[in-house]
């Protein structure tokens, strides 16, 4: 026969063990993993390039004083605009390391970022970037295959500094 002290002791031990088993669950990331990680990484690159901080550091506002989204897309894919792009994942190791240390998103390998329409003659992942001046947004259409509709579409607010 167990005494009252032994029962309380067993309850405390089992309670502590249960608590220790539950605590690690608090540290698990319960968010859903991205369905298309490379396309979502490409979206991060566009968000980075179109952020007010990056736009203010670039030549965009000097070249396009009105600062419309369609003008930004035109500038972004120009020679001058592409000079502001972060390195690709498979780029020069020093550039990649520097970008990572500054938490700058890298252009994912095997993923194209293109203006206007998908390149139908190129297979693979493509992020199509368009400007919508009426709504003041950049529209990013993620294509897993250029011959099919986008797998997701995002609108990125575009608010360049004046």
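In my numbering, the protein residues as written are 21 to 182.
Note that CB positions come from ideal geometry on N, CA and C, so glycine has one too.
Problem - Buried or exposed by the 16-neighbour rule on C-beta atoms within 10 Å, applied to residue 167 - result: exposed
Problem - Classification of residue 112 by the beta-carbon crowding that lies within 10 angstroms, buried from 16 upward - result: exposed
Problem - Check whether residue 181 and residue 81 have beta carbons under 8 Å apart - result: yes
Handout entry: Outcome for residue 126 when other beta-carbon atoms lying within 10 angstroms are tallied against a minimum of 16
Key = buried
Handout entry: Continuous alpha helix (DSSP H) stretch holding residue 69: start and end
Key = 57-70
Practice task
Alpha carbon to alpha carbon, how far is residue 132 from residue 98? Give it in angstroms, no decimals.
Solution key: 15 Å
Exercise for the section: Express the C-alpha separation of residue 154 and residue 107 in angstroms, rounding to a whole number. Expected result: 31 Å
Practice task
Output the distance between the C-alpha atoms of residue 83 and residue 151, rounded to the nearest integer angstrom.
Solution key: 17 Å
Exercise for the section: Determine the direct distance from the alpha carbon of residue 67 to that of residue 261, and round the result to whole angstroms. Expected result: Examination of residue 261 is not possible in this model, given that the chain is present from 21 through 182 alone.
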